Amino acid sequence: MIRRTTIFAAMAFCSTFPQLASAVTNTPSLMEAAGRYAITSSSSIRFHVDQVGGGGIKGNFAKFSGSFNLKAGDLTHAMVSFELKPQSVATGQTRVDAFLRSSAVFDTDNYDTITFRSDRVDQTGPDSAHITGTLTAKGHSGAESFDVKLTSWNGRTIGFTVSGRILRSHYAMDVGTPIYSNVVEFDMMMQGQRN
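The sequence shown lines up with residues -23 to -1, 1 to 172 when you count with mature numbering (1 follows the signal peptide of the UniProt record, and there is no 0).
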């Protein structure tokens, strides 16, 4: 059900850098920020699927990795790559976790990784961007997009929020609809560290 991993945030950061000085203290120039960054384990990837009548499924993923490369003076060629391990899904309910890992949803026995590769970034504000790329999950690939907002920067590490909505049916994971929404909503807090 979830796949998009947060990597998009990196691109947002990159695309907004020229105007970040007014929004973030001690913001370096784009030239200073250029380089390769790694998504750190202090990041969090949360999701929610609504249910008719209220409630729904809320959870997070514990295992993921990713990197992004900010190209100085050439934002259109910034690169973002992200991998998520669906086996690490956790909702706080053992039965639900087992169901999500089953062939009905993530099918983790046959598909152990969900990936995202960025294609494009469009700046939407002085500290925000819209990231588009290709998500691959359970043997299916599709174009997905996320909204990103830069929240912190100290010269070596950056932080950003990432939000997006994905249709489960695009990845053969729409079991339980319409009782459970076809839409998976993501709310992510991402941290990146310069290598």
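Beta carbons are placed, not taken as given, at the ideal position from N, Cα and C, and that holds for glycine.
Keep in mind that this is a model prediction, so the values were computed, not measured.
When the Cα atoms are used, what is the spatial distance from residue i to residue j?
i	j	result
VAL29	LEU77	19 Å
THR109	ARG97	5 Å
MET8	SER80	Interpretation of MET8 is limited by its pLDDT of 47, a score under 50 that renders its predicted location unreliable; the figure taken from the coordinates is listed afterwards. For MET8 and SER80, the distance between alpha carbons rounds to 46 Å.
THR133	GLY12	Reading off the sequence shown, one finds Arg at residue 133, where the question assumed Thr. So the alpha carbons of these two residues sit roughly 10 Å apart.
LEU112	LEU61	11 Å
TRP130	THR101	19 Å
THR90	SER58	13 Å
SER42	PHE163	17 Å
ALA114	LYS35	19 Å
ASN46	VAL161	28 Å
ASN172	VAL152	41 Å
Assuming residue i is part of the beta strand (DSSP E), what are its boundary residues?
i	result
ASP74	Where ASP74 is concerned, there is no enclosing beta strand (DSSP E), although the alpha helix (DSSP H) it sits in stretches over 71 to 78.
GLY12	12 to 16
Is residue i near residue j, with beta carbons less than 9 Å apart?
i	j	result
VAL26	TYR157	yes
ASN37	VAL66	yes
LYS126	ASP99	no
GLY136	THR128	yes
HIS56	SER95	At residue 56 the sequence reads Met, which differs from the His that was named. Yes, the Cβ-Cβ distance between MET56 and SER95 is below 9 Å.
Per DSSP, residue i forms a beta bridge with which residues?
i	result
MET56	ASN46
THR90	Bridge partners of THR90: none, in fact.
GLY136	SER129, GLN168
LYS35	HIS25
HIS117	ALA114
ILE156	Paired residues: none, contrary to the question.
GLY102	SER105
The stretch 161 to 169 contacting the stretch 12 to 24, beta-carbon criterion three pairs below 8 Å: yes
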